[in-house]
Structure formats: C-alpha cells, structure tokens
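What follows is a short report on a single structure.
Residue numbers (the working numbering): 551 to 623.
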C-alpha cells in the first residue's frame, strides 16, 4: 500500500485524534511513524503532544505555493 506521508514530514491536521478524541483544526504536526496494520499515522504537534490520526485528516502543507521548511515548525 502507498504511504502518503514520509516519516519526519510536516502535515496539517484537520480532524479528531484517536488517543482522547480531541479535534484538531489546522494544526501543524510532524509525522513520527505509520502503523502498518491499522494504517494510521503517529504525529507530534508543536506543543510536544503526540496523537494517532487517520490519513483522511492529514494534508500536505502549502504556504504561498511553496512547502514549509523543516525549521519553521
């Protein structure tokens, strides 16, 4: 199966997490890993919290036609 987001890549989260059901609205995060069985992504947010999310809640960030650099998060 195709992996839509690489480990260490930045994503924008718009949806609810699986740890405690918290809803994230346009939050920047970094992909830590992908679960090969459930096909979910483990991400870390700017405040240091981690959560598991379905890939349908993730999208690649685009800022004025360019991707966000690694050090901007």
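Using N, Cα and C, we set each Cβ at its ideal position, and we do this for glycine too.
- Message: Quick check: residue 605 and residue 554, are their CB atoms within less than 7 Å of each other?
- Response: yes
- Message: Rounded to the nearest angstrom, what separates residue 569 and residue 601 at their Cα positions?
- Response: 6 Å
- Alpha carbon of residue 596 to alpha carbon of residue 578, nearest angstrom: 7 Å
- Short Cβ contact (7 Å threshold) for residue 584 with residue 591: yes
- Message: So, at 8 Å on beta carbons, what are the nonlocal neighbours of residue 562 in its own chain, with the 5 sequence-adjacent residues on each side left out?
- Response: 576, 577, 578, 579, 608, 609, 610, 611
- Query: According to DSSP, which residues form a beta bridge with residue 594?
  - Reply: 580, 600
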